[in-house]
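Structure first, then comments.
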Amino acid sequence: DAGVIQSPRHEVTEMGQEVTLRCKPISGHDYLFWYRQTMMRGLELLIYFNNNVPIDDSGMPEDRFSAKMPNASFSTLKIQPSEPRDSAVYFCASSFRTDNSPLHFGNGTRLTVT
Amino acid sequence: GNSVTQMEGPVTLSEEAFLTINCTYTATGYPSLFWYVQYPGEGLQLLLKATKADDKGSNKGFEATYRKETTSFHLEKGSVQVSDSAVYFCALSGGAQKLVFGQGTRLTINP
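Protein sequences appear in the order of chains W and X. Under the working numbering, think of the first position of the first sequence as 11, with each following residue one higher. Under the working numbering, think of the first position of the second sequence as 15, with each following residue one higher.
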């Protein structure tokens with residue numbers, strides 16, 4: 011089991027550019043989550059999917075953010091256009107169906123927008 | 015709504031000291047409670063969990079007991095090691111697989 015795989019590990023981009031973050035969940039997991047971590051706000055849930063369907067996107071900060079899950083083994087989080095305040099570490103996590111199943115996190119993508 | 019409050023850090027201890035990181039929660043119903051740990055440059059990973067009142071979760075020498083009467087889930091370890099240096103997050107299940115995390119407590123253990 012390779013765990014949750016995120017790419018890239020680091021992304022540096024200029025304000026106004028489009029950024030795409032990628033995630034491959036653990037095979038067989040029904041749920042996929044996108045989190046953002048900053049010093050100021052801690053860990054924030056942005057959106058989560060169940061069986062590839064977005065269930066709750068209330069944490070997505072603005073229309074500049076969008077997420078897709080075209081199949082069970084791939085998801086993307088896109089920011090267009092990016093702004094300096096989007097600088098953070100973005101984590102993808104996946105889990106099985108039950109409420110007590112632990113989340114398995116990837117190692118994150120550190121995004122810096124200059 | 016559901017929320018988790020953790021003891022503010024950072025916490026710095028010497029090796030072999032006793033560790034307590036406080037966590038209290040507010041929730042409707044009977045949530046499950048979790049401690050996650052984040053090592054530098056990595057994602058969070060589950061440390062331990064408890065699914066009902068009076069349950070004790072334990073792993074790697076860490077323990078936490080689900081106390082419904084005090085709405086607490088404090089993390090303890092009898093003798094910490096340098097390798098325990100990390101950020102620790104308390105969390106509760108908010109239903110439908112949504113975890114609510116505390117703000118995290120950074121722990122540094124000095125040799």
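Glycine included, each C-beta is placed from N, C-alpha and C at the ideal position. Please read all numbers here as calculations on a predicted model, not as lab measurements.
Taking the C-beta atoms as reference points, A100(X) is found no nearer than 8 Å to L113(X). Judged by their CB atoms, T86(W) and R32(W) are nearer to each other than the 8 Å cut-off. Here S92(W) is buried, its C-beta having at least 16 other C-beta atoms within 10 Å. Annotated three-state conformation of R74(W) is coil, per DSSP.
CA-to-CA, the gap between Y41(W) and N60(W) works out to about 5 Å.
Between F103(X) and L58(X), the CB-CB gap stays under 8 Å. Judged by DSSP in its simplified three-state form, D96(W) adopts helix. Rounded to the nearest angstrom, the gap between the Cα atoms of R95(W) and A77(W) is 18 Å. Around the Cβ of A67(X), a 10 Å sphere holds fewer than 16 other Cβ atoms; the residue is exposed. Spanning the alpha carbons of E72(W) and I57(W) requires a straight line of approximately 12 Å. Contact annotation: N73(X) and P45(X) have beta-carbon atoms that are not nearer than 8 Å. Exclusion of the five residues before and after P35(W) leaves V14, L42 and S104 as the residues of its chain whose Cβ lies within less than 6 Å of its Cβ.
For the stretch 39–73 of chain X, residues whose beta-carbon sits nearer than 9 Å to a beta-carbon of chain W comprise P45, S46, F48, Y50, Q52, G55, E56, G57, L58, Q59, L60, K63 and T65.
For P24(X), there is no enclosing beta strand (DSSP E), as DSSP gives it neither H nor E. Taking 8 Å as the CB threshold, K82(X) stays off the interface with chain W. Between L60(X) and A78(X), the CB-CB gap reaches or exceeds 8 Å. Note on E30(X): under 16 other CB atoms within 10 angstroms of its CB, so exposed under the neighbour-count rule. Take K70(X), set aside five residues on each side of it, and the residues of its chain with a beta-carbon closer than 8 Å to its own are A64, E77, A78, T79 and Y80, in chain order.
When the alpha-carbon of A12(W) is set against those of P18(W), H20(W), S37(W) and V22(W), the nearest one is in S37(W).
A direct Cα-Cα distance of roughly 32 Å separates L121(W) from Q95(X). Residue state for D66(W) is assigned as strand, using DSSP reduced to three classes.
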